[in-house]
Amino acid sequence: MNQRPQDVPVIAVDGASKSFGAVRALDGVGFAVRPGECVGLVGHNGAGKSTLVGIINGGLKPDAGAISLDGLDATGHYSIGEARSHGVRCVFQELSLCPNLTVTENTRITHASLKGFGWRRRAEALIRAKLDEIFPGHGIDCRTAISTLTIAERQMVEIATAFSETDSKVKLVILDEPTSSLDASLAGQLLAYVRRFVSGGGAVVLISHILGEILSTADRVVVMKDGKVVGERAAKEFSIEGLVAAMGSVVRARDANRPARDVSGLAPVLEQRAHTRAEAIDFVAYPGEIIGLAGLGGHGQTRTLVSLFMGQGGDWIPRHDSKVAFVAGDRHVDGNLPLWSILKNMTITLLPDLTRAGLVDDRQEGAIGKSWRDRIEIRTENLGNPILSLSGGNQQKVLFARALATRAPVVLMDDPMRGVDIGTKQEVYHMLRVEADKGRTFVWYSTEMDEVCQCDRVYVFREGRIVAELRGQEVTEERVLAASFAEKAA
Amino acid sequence: MKWLTAERLRLLVPALSLVVLLAAVFYLQPRTMSYTGLNLLFNLAVPIALATIAQMLIMTVNDLDLSMGTFVSFVACVTATFLQTDPLTGALILVGCIAVYAGLGVIIHLRNLPSIVVTLGMSFVWSGLAVLLLPAPGGVAPDWIRWLMTSKPPLVPMAIVASVLIAVIAHFLVMRSAFGVVIRGVGGNERSVARAGWSVVRARAATYALAGFFAVLSGICLVGLTTSADANIALRYTLLSIAGVILGGGEFVGGRVSPIGAVIGALTLTLAASFLSFLKIPPDWQIGAQGAILIIVLALRLILNRRESVEKAK
Amino acid sequence: MNLVVRLLAKPWIWAFVAAFGVWLATILFTGGASTLGLSQAALTFAAFSIIVGLGQMFVITLGPGNVDLSIPATMTLAGTVALKVMDTNNDLIVAGIAATLAIGIAIGIANYGLIKLLRIPPIIATLSSSFIVQSTAIWYNRGIRIKPPAYLAEFSTASTLGIPNVAIVALVISIVAWVLLEKGIYGRWVSAIGQNMRAARLAGVPVDGVRFATYVFCAVLAALCGFLLSCFSGGAALNMGAEYLLTSIAVVIIGGTAVAGGFANVPGIWGASLFLFLVVSMLNTYGASAGVRLLLTGLIIIAVIIAASRKQTV
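First to last, the protein sequences are chains F, D and Z. Every letter in the first sequence is one number past the one before it in the working numbering, and letter 417, counting from 1, is 432. Every letter in the second sequence is one number past the one before it in the working numbering, and letter 6, counting from 1, is 9. Every letter in the third sequence is one number past the one before it in the working numbering, and letter 129, counting from 1, is 387.
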């Protein structure tokens, strides 16, 4: 073993697998980062990027596979604490700073060694030097609270905090969409710093939906799809078109694109004007359509669905003829009422229809529950069992029944197939098509490409607005991917 | 306008309302503009300020203490009995109380219990213990605290000196020290503090213990002023302390607190009572006027917060 | 056997078991002499905590942070105003009841108005409004004690078929509350909001409307309880609601309603109210002091919450 030090990976995972319930998020992935290189990591939703990042930063334990740090085996005892002490840092998309504390004080939270007399001065010097180094002329006052900073400034502080070092050296920084809220010049400063950091012997993993950034900054690009690494080459061997093609299906599974639906002469059932100043497309829905909302996760799809729902009112007075029903995707946050039975969870939206003089008609409720259980095959003996006794897929079916049982002409779906097994998915797809043919409209946010490709019409979201509208034959994986990723920062 | 940060703005409302109130009191009763007058106006503010700081600490970690009033009453009873007759036992009891507070913090955190309900239960416990100790009003304040609370420093009355001292110490502990950063961090984003490797249980236990310590000081000072104690002596402190924190610009969640503001809030509440009586507002309406003041301040704050968020959006 | 198993699974059963145990212990101590008297007293005094407890139960079920602290002030104001309106005149009883209901509705509207408009937590909103309500009561009362109309005084202290009339009123209200909770759409909505407000809203529950109705309902029940209590005790007193602040919350929690919201039950309120009264009277017969009674009440509340939290985590 006479490897040069720069050949020993800072961190290496080998054969890493991870499943969440029925979903295999990561399937035997090998990944290594060596000192002095920047690795670009790209892939569409559900490709396994976040799971891989979680394993590298110690937040997730892989079901199988080995992890080594600087060539030493760390399988089994690797954790967030160990990752930190080893110099592995991570900048997440979500805010991980304390909004009520100042920039300096947040530095103190990340660096426990900043204590005792004069800690404030030392912390401020540390973070200011790092901010000056990465973003010259940033203009951030380190004594102001995070909550008073703009989103771009917060992102800059977050990045500078990750690169700042006190007692342990920073060896590897994972940047997950670091430029998402930075303008072009700040993004340029960051990427230039990444190059300097890397040439100084540091290592960086860069995740971005802006492919131009990846190609210009990374030394090597790893492409993921369906929990596997499907391509790994030096960045200069890739082009933007090549990357998009690599992220898509290697084999086209099926090409069931339907012809564009003729909606001329129909009145829209739901409309929403684009609010942003930047160029964006208005949202319109016609009866009987299945409309897909596509794009990378977190680019404004859920927000749009919720605002479509809330826009219909019903805060104070229940609406008997509600136009919209909502199917939650994040079951624990938006969907399940965890203390209740399956039946009560299923009928809550329909309840006003089952009520006479304020009292719920138990018998009618039970009958409707049974008929929907049989129609969508919820696997339970007794609808009185708690909702949480069901598997994730069956809980999701209950949430579908909640919306479909109503008379609402429009059903909004917030990526409802997350963590659902393939059998259930097929059943639901069929049901949607049947309902749509009867004239119901579905607005379907999905992070899975084969679902998006089943839609009559697709709106692609990027950075909080609709950037493309695809109809009928235009709904292809290539077109959706091309619209989801930008060539360069806006 | 750059110096007018959100934090300073937050402190500005309570400070201004105190100044306005004080000016009004001076106008109504020019005699209060003297050493003795000021001392009389603010005398009772010292224990209230200490209890407000204690409540503020609990609120820093997003909890609420509904037993503050009964706890301060209990401490007052201990001070007027054991601490006077048998200082060692008295001191041990009070240290035990602080340990109980730390334990409450641990239980509330580990079991994920609502602090409101746990402290509600504790309020029965403290008040039961206080009644056992002093079934009827009585007891005698230890001489040293009596001496301390009635001492007359040159130029500035004791009440003012003590309030400033409390504000400065609490400000240092909560806003300036490395420890204060961690507990405010727990209030602001518990997950990221835990992710950075801190023990949130320990932080919460320490916060509760510190709150218990300030509440103990509050009870001792109160007896120093009143010379004797009874089991219901400080029941109002629960509500006063919460109101004081809110008046001083603190918030219920998010770790946004201001010790200086809290002391100002306590002073304002004390002064408001005098002001209302000088205004010849009938005593019937005094409690109601306090409620109205609370609502007005909250409304003012809402307007300020709106402005803040509008500015951020720009 | 099956029935026993099913009964033991009910969340309210323990409150009744405990109440019965305490009842038996007291009866045995006095050699059975006081059986009838004790039972009647228990039903009478429990009735008042049941009525306010039911309102508080619906509020607490709305989820974390929801609690009504204005109950005591509402009781006082309603009792005071109603007695003055009726002015010992049997003919004006209907007017008195109308005044009671109007006060409840007005306070409920004010409470939710503050919560919604000022966006402040319910605890501080109901607290500030309670100050104003209490002041209004003091101002309106002016220290004059008006007796209730003879018919009402008779009604509230008498029994029908051995059961105190106030207990019958409480029973009727409980049945209404039970129907609303278990059979009505309102109960479903309250429970849905308490489990997950966002999920409830996205499932089409009119969240604002339901929360508003709940705060009004709670205030109306408090007003009604104040009305009955002042008739029962021969006149309104300014501090007559004070003990019901903590009691109303305690009976809800001991009765097996989820502290974190989303699950409520009516029978438990009865068990808990009887239990709390019987503990006090048992300790009285054993000659325990007021301090011991309070201490035990507090320890029981804390023990119940900790036990309940264990159930949730398993």
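Ideal placement from N, C-alpha and C gives every residue a C-beta, glycine not left out. Because the structure is a prediction, the values reported are computed rather than measured.
Integer Cβ distance of residue i from residue j, believed to fall under 8 Å
i         : j         : result
ASP66(D)  : SER126(D) : Actually they are not in contact, since the Cβ atoms of ASP66(D) and SER126(D) sit about 14 Å apart, beyond 8 Å.
LEU187(F) : LEU221(F) : Wrong, their Cβ atoms sit about 12 Å apart, outside the cutoff.
ALA450(Z) : ALA458(Z) : 4 Å
ALA309(F) : VAL473(F) : 5 Å
VAL413(F) : LEU419(F) : Their Cβ separation, rounded to whole angstroms, is 11 Å, which puts VAL413(F) and LEU419(F) out of contact at 8 Å.
MET62(D)  : ALA218(D) : At roughly 13 Å, the Cβ-Cβ gap does not stay under 8 Å, so MET62(D) and ALA218(D) are not in contact.
ILE308(Z) : ALA428(Z) : 4 Å
LEU358(F) : GLY381(F) : 7 Å
VAL98(D)  : CYS224(D) : 18 Å between Cβ atoms; not a contact.
LEU532(Z) : ALA304(Z) : 5 Å
CYS80(D)  : ALA214(D) : Contact flag wrong, Cβ pair sits at about 19 Å.
Cross-strand partners of residue i (DSSP beta bridge)
i         : result
THR418(Z) : ILE421(Z)
GLN392(Z) : According to DSSP, which records beta bridges pairwise, GLN392(Z) is partnered with nothing at all.
ASP429(F) : TYR460(F)
GLN287(F) : PHE298(F)
GLU247(F) : VAL237(F)
ARG371(F) : LEU374(F)
GLU484(F) : TYR474(F)
CYS105(F) : ILE189(F)
ILE305(F) : PHE457(F)
GLY141(D) : ALA232(D)
ASP88(F)  : SER83(F)
ALA516(Z) : ALA516(Z) is not bridged to any residue.
VAL109(D) : DSSP lists no partner for VAL109(D).
ILE225(F) : ALA501(F)
VAL48(F)  : ILE26(F)
LEU41(F)  : LYS33(F)
Start-to-end residues for the beta strand (DSSP E) that takes in residue i
i         : result
ASP191(F) : 187–191
LEU116(D) : Note, LEU116(D): premise wrong, no beta strand (DSSP E); not H, not E.
ILE222(F) : 218–222
ARG33(F)  : The sequence given here has Lys at residue 33(F), not Arg. Element bounds for LYS33(F): 26–35.
CYS53(F)  : 53–57
LEU43(D)  : It is not in any beta strand (DSSP E) - LEU43(D) instead sits in the alpha helix (DSSP H) that spans 38–45.
VAL342(F) : 339–342
N- and C-terminal bounds of the alpha helix (DSSP H) containing residue i
i         : result
GLU173(F) : 166–178
CYS483(Z) : 465–490
CYS468(F) : CYS468(F) -> no alpha helix (DSSP H), and no H or E assigned at all.
PHE533(Z) : 525–543
VAL266(D) : 262–281
THR55(D)  : 48–63
Buried/exposed call for residue i, threshold 16 Cβ in 10 Å
i         : result
VAL266(F) : Model confidence at VAL266(F) stands at a pLDDT of 39, short of 50, so the residue's coordinates are unreliable and nothing is read from them.
CYS452(F) : Here the sequence assigns Asp to residue 452(F), which means Cys is not the residue at that position. Under this definition ASP452(F) is an exposed residue.
ALA561(Z) : exposed
ILE166(F) : exposed
GLN441(F) : exposed
GLU501(Z) : exposed
ASP326(Z) : buried
ASP345(Z) : exposed
LYS385(F) : exposed
GLN289(D) : buried
ASN260(Z) : exposed
TRP147(D) : exposed
ASN115(D) : exposed
ALA31(F)  : buried
ALA395(Z) : buried
Task: Secondary structure, beta strand (DSSP E): runs of 3+ residues fully inside the stretch 433–458 of chain Z - done: Runs of the beta strand (DSSP E) inside the stretch 433–458 of chain Z: none found.
Open item on the list: Going residue by residue through the stretch 95–167 of chain F, where are the continuous beta strand (DSSP E) segments of at least 3 residues, counting only ones entirely within it?
Closed with: Here the runs fully enclosed are 103–106.
Open item on the list: Threshold first: 4 residues or longer. Then list the alpha helix (DSSP H) segments lying entirely within the stretch 160–220 of chain D, N to C.
Closed with: Taking only runs of at least 4 residues, the alpha helix (DSSP H) segments lying wholly in the stretch 160–220 of chain D are 161–174, 181–191 and 193–198.
Task: Whole runs of the alpha helix (DSSP H) within the stretch 264–322 of chain Z, excluding any shorter than 4 residues - done: Runs found: 271–287 and 293–319.
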